[in-house]
Amino acid sequence: MKSATSARLILFHPHLHKQLPTAASRLWTPLLFFFFTFSTLAFLTLTLINTAIPSLSSAAPSSASALPIPPSVRDALLHYAAAANATSTARMSASELATLSAAIRRCSAGVRARCNLLVFGLTHETLLYRALNSNGRTVFLDESEFLISRMEQQHEGIEAYDVQYTTKVSELRDLLWSAREDSRGDCRPVQNLLFSECRLALNDLPNHIYEIDWDVIVIDGPAGYSPTSPGRMSAIFTAAVLARSKKGTAGGTSSKTHIFVHDFDREVEKVCSEEYLCKENLVETVNRLGHFVVERMGSESSNSGFCSNSSSLPSPLVTTSL
């Protein structure tokens, strides 16, 4: 007979005491899923925006600079520049500035809608050139490293390089005769000046200077007012070779180069221009500014010399020992 007082063992399992999910707790699962999904999408969106902003900001200046300055602004710049220059005979006159501006404007209105402008010399008109060619590329070359450094500090983005000239005005005759004797060699009209050993060639400029097809070249430097000054023989010779050595007319590039020589009334500028830019290419003379239009020359024609009719040169200086 079983005893009525026998002990019973009761076991409590934890899962038996779990509360059934309430309506509030059932909402947490989709809310957490939505939160993590939203956070991920927000992170990806911000990443894409941050990546896109630099490219947009960097593209903005190029699109803005692709627009030429309005005619009214150009006229105002020329007016005030001419007024400032009126007090100095060494600076360009109003007529000279207008001639230069017209060439840059025609170049900017071409097929490429931009102009490559190379300027020898940092002058009072430097910032004017840069403004007139605001939608193109303007490069300055000068013999003063100090002036270039100061210009770069005061005007952000200006492109200027220093040049080491090895010539002197007093050496004009000897340099011209030396170049003519080597006119089929290192002093030929079509060549890569980077590898030239011609005494008049500037062969130590940045490499890209020789690779660019220049539309307009202005020669208003280096100094040439004394026998010991560098003179502009090398600048004129180098400009003549760059113009004749253009790669071609691809992309709307003109086969012609407009070259302006300031102080054209001085002996060095006049003699060297007639020797390398040629009389037949002189289209106009405005006050002291000579305007030449030089055509690209094929390599097969480089042996024919710079000009169709060679000008007479002054006799070289001969030093005799006593």
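Just so you know, we're using full-length UniProt numbering here: the sequence shown kicks off at 1 and counts up by one. Glycine included, every Cβ here is placed at the ideal spot set by N, Cα and C.
Beta-carbon proximity list for residue i, same chain, < 8 Å, skipping 5 on both sides
| i | result |
| --- | --- |
| I148 | L122, F140, D142, A160, Y161, D162 |
| G305 | S183, P189 |
Extent of the continuous alpha helix (DSSP H) to which residue i belongs
| i | result |
| --- | --- |
| residue 341 | Because the chain here runs from 1 to 322, residue 341 falls outside it and cannot be looked at. |
| T89 | From DSSP, T89 is part of no alpha helix (DSSP H); its letter is neither H nor E. |
| V169 | Here V169 belongs to no alpha helix (DSSP H), and DSSP marks it neither H nor E. |
| E156 | Element bounds for E156: n/a, residue is neither H nor E. |
| F237 | 233-244 |
| R130 | 126-132 |
Extent of the continuous beta strand (DSSP E) to which residue i belongs
| i | result |
| --- | --- |
| D162 | 159-162 |
| L97 | L97 -> not in any beta strand (DSSP E); alpha helix (DSSP H) instead, spanning 94-108. |
| H208 | No beta strand (DSSP E) contains H208, which is instead part of the alpha helix (DSSP H) from 207-211. |
| T228 | It is not in any beta strand (DSSP E) - T228 carries neither H nor E in the DSSP assignment. |
| D142 | 137-142 |
| E295 | 289-295 |
| K256 | 256-262 |
| N116 | 116-120 |
| L282 | 282-286 |
Own chain partners of residue i with C-beta closer than 6 Å, once the 5 adjacent residues on each side are dropped
| i | result |
| --- | --- |
| S93 | N287 |
| V218 | V119, F260 |
| A52 | Any reading at A52 needs caution, since the residue's pLDDT is 39, under 50, leaving its predicted position unreliable; the model's value is listed next. None. |
| R114 | N135, G136 |
Assumed close pair residue i, residue j - CB separation to whole angstroms, cut-off 8 Å
| i | j | result |
| --- | --- | --- |
| R130 | T138 | 5 Å |
| R296 | E269 | Not confirmed; about 23 Å, so no contact. |
| N135 | I212 | Not really, about 16 Å apart at Cβ, beyond 8 Å. |
| F260 | L100 | 6 Å |
Beta carbon of residue i nearer than 7 Å to that of residue j
| i | j | result |
| --- | --- | --- |
| H155 | V216 | no |
| P68 | S108 | yes |
| F264 | G290 | yes |
| L200 | L175 | yes |
| V271 | N281 | no |
| P230 | Y165 | yes |
| A83 | L97 | no |
| S234 | T167 | yes |
| N133 | I158 | no |
Contacts around residue i, its chain only, beta-carbon distance under 7 Å, and the 5 residues preceding and following it disregarded
| i | result |
| --- | --- |
| P206 | Y161 |
| S95 | V286, N287 |
| Y210 | N192, L193, L194 |
| A240 | P189, Y276, L277, V294, F306 |
| L202 | V163, L193, S234, T238 |
Neighbour-count burial assignment, residue i, 16 or more Cβ in a 10 Å radius
| i | result |
| --- | --- |
| H79 | exposed |
| D220 | buried |
| D204 | exposed |
| Q191 | buried |
| F146 | exposed |
| E125 | buried |
| E275 | buried |
| S308 | exposed |
| T238 | buried |
| S170 | exposed |
Chain B within 7 Å of residue i, Cβ atoms only
| i | result |
| --- | --- |
| I158 | The chain labelled as chain B is not found in the depicted structure, where only one protein chain is given. |
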